[in-house]
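Reviewing the structure listed below.
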Amino acid sequence: MTVVSIARFAPLQGAELDKFIELAQGLADQAEKLLRLQLESNLEFARDALAGSAGFLEVRDVAGLADWQARFFQPQLQRSSETARQQYEVLLEAGQLFAEAFRNTAATASGQVRHNIDRLAEGAPTGFDAWFDVLRGGFEAQMAAFENFGKIGEQIKDVALAVQVAKPAASSRREAARKTA
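With this note's numbering applied, the sequence shown corresponds to residues 77 to 257, in that order.
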């Protein structure tokens, strides 16, 4: 039996540690973007809320209320929607970082499994070749299924983004129709 020392895995661990540090830095950048977006939007919301409150105190009739709503309330709703869209984009970027890290880890792990199957097959007694071929075939089928699920996930993400992009256009058309009515 071969004795395995930790030195054999040191290069692999170093490479994985570098990938982990890269992922952590990317996620920290995404968290900073999200925090900055939150702080900036909250500052704008606070300023607008103060102005809106002062404007609301000046409302004396229904027409004044409608004017106040158009000047303060509607822009707040639009800004909230835009901020949510921007946060969604940042979260998608973070998700893509995780997906890329997962793909890299899966590729490394699958390469190790293939190597270990080949190594075991080399040391196996005669007559086990068919068994190792079945083992390799099953592993490759699992990897193909994994890749297909990844492709399906990408397609779902693309559809979700297309729907997200199409929604603001539809709501602006409804708003224009409402204004003309």
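Every residue, glycine too, gets a C-beta built ideally from N, C-alpha and C. Bear in mind that the values here come from a model prediction, so they are computed numbers and not experimental data.
Cutoff 8 Å; reference G131; Cβ partners in own chain excluding five residues on either side = W144, R147, F148
Name the two residues that bound the continuous alpha helix (DSSP H) containing P151.
-> 150-199
Looking only at C-alpha atoms, which of E216, G102, L141 sits nearest to A183?
-> E216
How big is the Cα-Cα spacing for F174 and L99?
-> 8 Å
How would you call V166, buried or exposed, if buried means at least 16 neighbouring beta carbons within 10 angstroms?
-> Burial check for V166: the Cβ neighbour count within 10 Å reaches 16 or more, so the residue is buried.
Alpha carbon to alpha carbon, how far is A185 from Q152?
-> 49 Å
With distances taken between CB atoms, is the gap from F208 to A220 smaller than 8 Å?
-> no
Taking C-alpha atoms, which residue in R112, L211, D94, R195 lies nearest to T159?
-> R112
Rounded separation between D94 and R190 - CA only = 23 Å
Neighbourhood of G140 by C-beta distance below 8 Å, restricted to the same chain and skipping five residues each side | Hits under 8 Å: E134.
With DSSP run on the structure shown, which of helix, strand or coil describes F121?
-> F121 falls in the helix class under three-state DSSP.
Look at the alpha carbon of A308 and the alpha carbon of E169, and state the distance between them as a whole number of angstroms.
-> No answer is possible for residue 308: it lies beyond the span of the chain, which begins at 77 and ends at 257.
G226 in three-state terms, based on DSSP = helix
To which residues of the same chain is G102 closer than 6 Å at the C-beta, ignoring the five residues directly before and after it?
-> L173
Taking just the CA atoms, how far does F178 sit from S156?
-> 33 Å
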